[in-house]
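What follows is a short report on a single structure.
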Amino acid sequence: MNYFNQTKDKRGVVTLTFDTPEKPVNILCFDALYQLEQILDILQKDSSVKILFIESAKKSIFIAGADIKEIKAFQDEKEIVKTLSRAQAVLSTLGNLPFATVSVIDGACLGGGLELAMACDYRLATNDEHTRLGLVEVSLGIIPGLGGTQRLPKLVGYQKAIELITASKRLKGDKALKLGLVDASVPSGYLSFKKEEFIQDILDGTLADRTTKIRRRVTWYEKIFPLKSIIAQLAKASVIAKTEGHYPAPVKAIEVLEKTLNMPMEEGLKVERETFAPLALSEISKNLIELFFTSEVLKKETFSRAKPRAVKETVVIGTGTMGAGIAWALTNRDIPVRLGARNMKSIVRAFSAIMADFENVKRRGRLTDREIALKMDRVTCTTEMDGLSRSDFVIEAVSEDPKIKQAVYTQLEEHLAEDAIVATNTSSLSVTDLAADTVHPERFVGMHFFNPVAKMPLVEVIAGAKTNAKTIATVVGLTKKLGKTPIKVKECAGFLVNRTLLPYLNEAAKMFEEGESVEHIDKVLKAFGMPMGPFTLADEVGLDIGKKVSDILFESYGERMKPSPLLAQMTEKNWLGKKTGKGFYLHQGKQLTFNTEVQSLQCGKTVLDEQTILDRAILIMVNEASRCLEEKVVANARYLDMAMVMGTGFPAFRGGLLRYADSLGVAEVVRRLSEFETHYSERFRVSGLLLKMLEKKQTFYGNM
Amino acid sequence: MNRKKIKNKKERIAIVTALRTPMAKAGGKFARMQADQLGAVLFRELMMRSSIGFEEVDEVIIGNVAQPIHAANIARVIALRAGFPESIPALTVHRNCASGMESITTAAARIYAGEGKVYVCGGVESMSNIPLVYNEKMTLLFEKLARSKSALDKVRTLLGFRPAFLKPIIGLMSGLTDPVSGLLMGSTAEVLAQDFGISREEQDFFSFMSHQKAAKAKENGRFAQESMTLVYDEVSGKYLDFDDGIREDQTMEKLARLHPFFDRKNGTVTAGNSSQITDAAAGVVLLSESEAQKRGLEPLGYLTEYAYAGLEPKRMGLGPVFAAHKLFKKTGFSMKDMEIVEINEAFAAQVIACEKAFASDLFAQIHLGAKKAVGAIDPSILNVNGGAVALGHPVGMTGTRLVLTILHELRHRGRQRGLATLCIGGGQGAALLLEVE
Chain W
0 MNYFNQTKDK RGVVTLTFDT PEKPVNILCF DALYQLEQIL DILQKDSSVK ILFIESAKKS
60 IFIAGADIKE IKAFQDEKEI VKTLSRAQAV LSTLGNLPFA TVSVIDGACL GGGLELAMAC
120 DYRLATNDEH TRLGLVEVSL GIIPGLGGTQ RLPKLVGYQK AIELITASKR LKGDKALKLG
180 LVDASVPSGY LSFKKEEFIQ DILDGTLADR TTKIRRRVTW YEKIFPLKSI IAQLAKASVI
240 AKTEGHYPAP VKAIEVLEKT LNMPMEEGLK VERETFAPLA LSEISKNLIE LFFTSEVLKK
300 ETFSRAKPRA VKETVVIGTG TMGAGIAWAL TNRDIPVRLG ARNMKSIVRA FSAIMADFEN
360 VKRRGRLTDR EIALKMDRVT CTTEMDGLSR SDFVIEAVSE DPKIKQAVYT QLEEHLAEDA
420 IVATNTSSLS VTDLAADTVH PERFVGMHFF NPVAKMPLVE VIAGAKTNAK TIATVVGLTK
480 KLGKTPIKVK ECAGFLVNRT LLPYLNEAAK MFEEGESVEH IDKVLKAFGM PMGPFTLADE
540 VGLDIGKKVS DILFESYGER MKPSPLLAQM TEKNWLGKKT GKGFYLHQGK QLTFNTEVQS
600 LQCGKTVLDE QTILDRAILI MVNEASRCLE EKVVANARYL DMAMVMGTGF PAFRGGLLRY
660 ADSLGVAEVV RRLSEFETHY SERFRVSGLL LKMLEKKQTF YGNM
Chain C
0 MNRKKIKNKK ERIAIVTALR TPMAKAGGKF ARMQADQLGA VLFRELMMRS SIGFEEVDEV
60 IIGNVAQPIH AANIARVIAL RAGFPESIPA LTVHRNCASG MESITTAAAR IYAGEGKVYV
120 CGGVESMSNI PLVYNEKMTL LFEKLARSKS ALDKVRTLLG FRPAFLKPII GLMSGLTDPV
180 SGLLMGSTAE VLAQDFGISR EEQDFFSFMS HQKAAKAKEN GRFAQESMTL VYDEVSGKYL
240 DFDDGIREDQ TMEKLARLHP FFDRKNGTVT AGNSSQITDA AAGVVLLSES EAQKRGLEPL
300 GYLTEYAYAG LEPKRMGLGP VFAAHKLFKK TGFSMKDMEI VEINEAFAAQ VIACEKAFAS
360 DLFAQIHLGA KKAVGAIDPS ILNVNGGAVA LGHPVGMTGT RLVLTILHEL RHRGRQRGLA
420 TLCIGGGQGA ALLLEVE
């Protein structure tokens with residue numbers, strides 16, 4: 000395979016164009032690097048070469064990163080160190096060529112791509128929207144391994160380099176120029192002039208002076224002992240605060256930067272690759288990479304062979320928290336929305352909520368007031384269900400009451416165009432039943448968003464019995480347009496995520512009833528990596544909602560989902576959680592303190608060991624998830640894991656619920672579940688799928 | 000009635016959808032909405048309610064008087080913000096107080112000329128946002144400063160500054176001053192009051208009745224038929240669904256207490272018997288009658304004919320008499336054929352003067368070269384839901400509002416024909432003949 004095309008003009012300007020054959024993107028695989036090694040070897044000896052440009056033949060991509068499959072395939076530390084050592088040497092050769100080198104970055108320049116670009120003397124970037132530069136390795140549980148930790152500080156300074164690497168920041172061209180990461184940032188239309196200017200300045204010998212002024216470089220005070228480690232300590236503390244210490248890669252990256260700051264390049268590279276190797280082999284990195292692959296698969300997944308309809312005008316009926324959130328998501332992506340509700344009061348509450356979401360975006364510097372105003376121009380409202388005739392897509396988000404929902408559909412049918420799609424944002428009702436009396440059940444579908452819509456990336460797509468393929472394709476397309484991930488699930492009570500999550504909450508409640516403390520249980524599960532403990536979550540969602548959902552699941556799944564009587568007791572006392580200020584915790588401002596009153600609902604006092612708490616809460620979920628797989632509620636374990644990570648915040652570093660089960664081993668999962676079944680109740684009865692897997696020695700990820 | 004009276008018969012222009020925002024007192028509810036935003040909200044909602052699609056429109060034509068500096072050709076800004084495709088052109092028209100009618104008649108002329116078939120027209124005005132302007136001296140100082148090269152030069156220039164330079168020109172007042180006669184609009188109303196001997200009490204009573212009629216229309220839900228609910232503060236979630244200038248508790252006593260504004264010594268024109276300063280927008284979707292028929296649309300009503308006329312700027316308030324005279328001559332109709340008449344209430348004195356002039360043979364002989372009066376107006380069909388004294392007069396918008404209100408009122412009463420007319424600052428009058436069915 001030939002990765003590079005080479006041209007040379009009479010001035011001695013060589014242009015190497017990176018063009019991975021038969022792929023839409025450039026990935027820096029080892030093969031490409033070795034080929035570069037050979038090319039550089041020849042160029043090095045050619046005294047007629049004055050300048051080397053490295054460019055990309057791909058539209059809107061420079062180099063998207065290193066080949067993750069190769070990293071995932073690594074088996075052995077020594078092998079990694081050896082491979083990296085050679086790869087690092089290629090970039091060092093690039094860095095030490097006897098003539099000037101320039102990378103021309105017009106598109107994504109990430110990870111290994113940026114490491115290559117940094118090895119060049121100069122970087123010429125475009126400030127187009129598609130140009131993004133960043134060392135994003137830590138998001139995959141590794142650190143830069145091709146000299147990124149060595150070259151970045153030399154351009155942007157030590158402290159800034161730590162910040163960019165630990166946060167996996169992706170910079171636009173202009174920002175990269177400001178930090179000194181690139182030496183020019185111009186519109187792509189001006190790239191050819193700018194390139195010519197660079198050639199002139201290099202030949203005249205003036206470019207080096209000019210660029211030195213741009214680069215921030217490591218300042219003298221960053222190098223001295225106390226400041227150097229103080230900066231590192233502060234950065235570490237903030238990383239640990241953010242990740243709860245579950246992610247070692249950013250911490251390791253800081254350590255490498257600190258340790259190697261004053262070292263010569265060669266020694267620094269050695270530290271880098273030796274730190275890289277164990278991280279690349281770690282479970283965490285493999286898990287994160289696996290999830291990354293799943294997300295890539297899901298990006299292409301359409302869940303339907305039909306072509307989606309274009310969605311030009313939408314309607315959101317019901318302007319509560321969910322309706323307002325969905326309306327924001329549509330508005331944010333410039334899809335016109337008409338809000339429908341019974342009265343203006345609830346409509347303007349939605350307006351406020353939408354503006355509050357925009358305020359958050361604005362605070363992060365992503366949108367200006369002008370842009371927000373233009374988006375808001377497309378939000379209209381009605382209390383009469385009028386002006387809907389031009390809409391192609393309606394999302395109904397009224398309260399979870401089939402009677403109210405069906406009344407809305409009947410009303411909608413009077414006003415909607417004949418071919419409009421109606422999606423319900425139900426979290427627990429049957430889509431088929433809801434569609435029963437509609438005139439067009441084939442264009443009726445479930446579209447389950449998660450709360451808060453602005454932050455939660457998952458949407459469960461549920462086909463009713465009569466929903467047609469075009470409708471599914473349209474919902475999937477629209478969800479992606481909203482920047483969210485659609486996962487199609489088969490219709491069943493609670494769908495996938497709530498059905499799997501509820502046994503976890505229930506089990507926590509059972510442990511509490513038995514006498515375990517709320518704080519202890521929450522602590523154990525938070526330490527496991529859940530974004531919040533089950534009781535904090537229950538308070539957040541609201542006990543009344545929890546009760547409603549549990550009742551529905553109990554009705555469908557019977558004994559194993561029998562809700563804890565706590566829910567009813569607490570709902571009765573109006574201890575609904577955050578919204579009433581009192582639940583398992585007392586909510587005063589942001590402060591959470593244990594609500595001692597709930598102790599009266601406990602049977603006794605127990606102290607379980609942490610492993611038991613963890614296993615009871617998590618393995619009961621694994622068991623339910625395996626039933627979902629068995630019943631084909633979701634296509635495969637990968638999608639299920641992604642749904643749990645995105646829908647419930649299940650820790651990504653564990654790779655997802657079923658990948659975690661795989662790491663324990665099916666035998667262990669079955670053993671523990673059987674133990675619990677004997678000790679506690681039948682609700683732990685091992686699913687058919689798990690038993691079958693045990694028998695056939697299968698794993699969730701192995702038998703896909 | 001009798002269509003054969005029409006002399007040069009043209010096809011009628013069908014108005015298929017019409018909508019306005021509530022009228023909000025300037026400096027109040029809509030104060031933080033610029034005219035283009037107000038227009039964007041109205042025109043998007045208008046289109047949402049119309050059976051005509053955005054992409055079917057040939058051009059967007061919008062009247063606006065105090066064209067904001069940040070939105071040159073405000074019609075284009077509004078069209079884009081409201082969601083019209085970029086390929087559809089837009090034009091802002093300005094005929095002062097008749098801008099909201101001009102947009103409609105411009106479209107009519109284009110339809111007659113065969114330039115297009117479907118037009119979206121209307122008027123918008125945010126009188127709250129008419130800016131204050133630096134006066135000439137301050138502007139000169141800025142210019143000098145920009146030309147000063149050295150720091151010393153700059154200091155020297157700045158030393159020429161006097162506090163009086165900061166006295167702004169109030170854009171609203173300048174806009175309401177006729178530069179030819181040098182009179183404020185209110186002063187032209189004083190001229191008419193003197194010409195026709197209209198007493199303060201007569202004016203106040205007219206104004207009192209305007210509020211009474213408007214209050215009744217508001218209560219009956221009559222205005223709700225023609226206007227939308229507008230969310231004016233998206234952040235704190237506030238909306239307006241009524242016209243907030245109407246004073247249900249207006250009394251003759253309260254009106255009598257006000258001081259004359261334009262002529263403090265002898266004047267009779269007060270803030271209470273003048274139109275209010277207001278923010279609002281109104282719009283219509285229109286096409287030719289045959290085109291509407293072809294599409295199977297059921298129009299709200301029709302524009303049958305229109306006329307504009309010029310007169311002495313100092314007596315611009317009599318514009319309706321001149322324009323209506325011209326309109327009747329064109330169509331063969333007379334005042335007797337009108338079942339509803341709207342004369343915009345720029346000033347109570349001005350409408351009363353018009354009533355008198357309409358009824359006067361002498362006036363017709365002197366000013367219109369006619370033998371007989373244009374025709375007295377039956378007071379029971381004049382401004383039946385009140386007018387600008389109660390609702391306000393957002394200058395660029397009013398013309399469209401009069402069309403809306405007449406069409407709805409004709410339908411409401413089961414009548415067929417009405418006259419919408421207004422006086423225009425600078426000395427003009429506009430008159431539209433409107434019909435339903």
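Those protein sequences? They're chains W and C, same order as listed.
FYI, in numbering that gives the first Met the number 0 the residues of the first sequence are 0 to 703.
FYI, in numbering that gives the first Met the number 0 the residues of the second sequence are 0 to 436.
Even for Gly, the Cβ is constructed at its ideal location relative to N, Cα and C.
Note that this is a predicted model, so its numbers are computed, not measured.
Check whether the Cβ of residue i lies closer than 7 Å to any Cβ atom in chain W.
{"i": "C/Glu44", "result": "yes"}
{"i": "C/Ala255", "result": "no"}
{"i": "C/Ala30", "result": "no"}
{"i": "C/Val230", "result": "yes"}
{"i": "C/Ala39", "result": "yes"}
{"i": "C/Arg80", "result": "yes"}
{"i": "C/Arg161", "result": "no"}
{"i": "C/Gly295", "result": "no"}
Would you call the CB atoms of residue i and residue j closer than 7 Å?
{"i": "C/Ala280", "j": "C/Ala430", "result": "no"}
{"i": "W/Leu32", "j": "W/Val89", "result": "yes"}
{"i": "C/Leu406", "j": "C/Gly236", "result": "no"}
{"i": "C/Pro162", "j": "C/Leu131", "result": "no"}
{"i": "W/Phe683", "j": "W/Leu657", "result": "no"}
{"i": "W/Thr313", "j": "W/Val475", "result": "no"}
{"i": "W/Ala326", "j": "W/Val310", "result": "no"}
{"i": "C/Gly386", "j": "C/Ser226", "result": "no"}
{"i": "W/Lys546", "j": "W/Phe553", "result": "no"}
{"i": "W/Phe583", "j": "W/Phe534", "result": "yes"}
Short of 8 Å in beta carbon distance, which residues of its chain neighbour residue i, apart from the five on each side in sequence? Order them along the chain.
{"i": "C/Lys6", "result": "Caution applies to C/Lys6, whose pLDDT of 48 falls short of 50 and renders its modelled position unreliable; the value that the coordinates give is listed next. These residues qualify, in order along the chain: Lys329, Thr330 and Gly331."}
{"i": "C/Lys370", "result": "Asp360, Ala363 and Gln364"}
Would residue i pass as an interface residue toward chain C - the criterion being a Cβ-Cβ separation below 7 Å?
{"i": "W/Val347", "result": "yes"}
{"i": "W/Met645", "result": "no"}
{"i": "W/Ser390", "result": "no"}
{"i": "W/Asp105", "result": "no"}
{"i": "W/Phe343", "result": "Looking at the sequence provided, one finds Met at residue 343 of chain W rather than Phe. Output row for W/Met343: interface = yes."}
{"i": "W/Gly386", "result": "yes"}
{"i": "W/Met321", "result": "no"}
If you drop the 5 nearest sequence neighbours on each side, which residues of the same chain put their C-beta closer than 7 Å to that of residue i?
{"i": "W/Leu708", "result": "Limits of chain W in this structure are 0 at one end and 703 at the other, which puts residue 708 of chain W out of reach."}
{"i": "C/Ala270", "result": "Leu257 and Phe260"}
{"i": "C/Glu55", "result": "Val117"}
Quick one: which chain W residues come within Cβ less than 9 Å of residue i?
{"i": "C/Asp240", "result": "Met343"}
{"i": "C/Met126", "result": "Within 9 Å Cβ-Cβ: nothing; C/Met126 doesn't reach chain W, min ~21 Å."}
Which bits of chain C does residue i rub up against, with CB to CB less than 8 Å?
{"i": "W/Arg377", "result": "Arg43 and Gly82"}
For a contact meaning CB atoms closer than 7 Å, what does residue i contact in chain C?
{"i": "W/Pro451", "result": "Per Cβ cutoff of 7 Å: no residues; W/Pro451 is ~18 Å from chain C at best."}
Counting only the same chain and skipping the five closest in sequence on each side, list residues whose C-beta sits under 6 Å from that of residue i.
{"i": "W/Tyr220", "result": "Leu226"}
{"i": "W/Phe449", "result": "Met455, Leu457 and Gly646"}
Exercise. Could you pull out every unbroken alpha helix (DSSP H) segment of at least 4 residues lying fully inside the stretch 469–552 of chain W, listed in chain order?
Key: Whole alpha helix (DSSP H) segments, 4+ residues: 496–513, 517–527 and 533–540.
Quiz item: Where are the beta strand (DSSP E) runs, 3 residues long or more, that stay fully inside the stretch 357–433 of chain W, in chain order?
Solution: As far as the stretch 357–433 of chain W is concerned, its whole beta strand (DSSP E) runs of at least 3 residues are 378–381, 392–395 and 420–423.
Quiz item: Counting only runs that start and end within the stretch 1–74 of chain C, where is the beta strand (DSSP E) found for 3 or more residues in a row?
Solution: List check, beta strand (DSSP E) in window: 12–19 and 58–62.
Quiz item: Curious, which full-length alpha helix (DSSP H) runs of at least 4 residues does the stretch 181–218 of chain W contain?
Solution: With a minimum length of 4 residues, the continuous alpha helix (DSSP H) runs that stay inside the stretch 181–218 of chain W are 190–203 and 206–213.
Quiz item: Which ranges would you report for the alpha helix (DSSP H) in the stretch 169–239 of chain C if only whole runs of at least 4 residues count?
Solution: You should have 170–174, 184–195 and 199–218.
Exercise. Return the chain-ordered ranges of every alpha helix (DSSP H) run that is complete within the stretch 281–368 of chain C and spans a minimum of 4 residues.
Key: The stretch 281–368 of chain C contains these whole alpha helix (DSSP H) runs: 288–293, 318–330 and 347–358.
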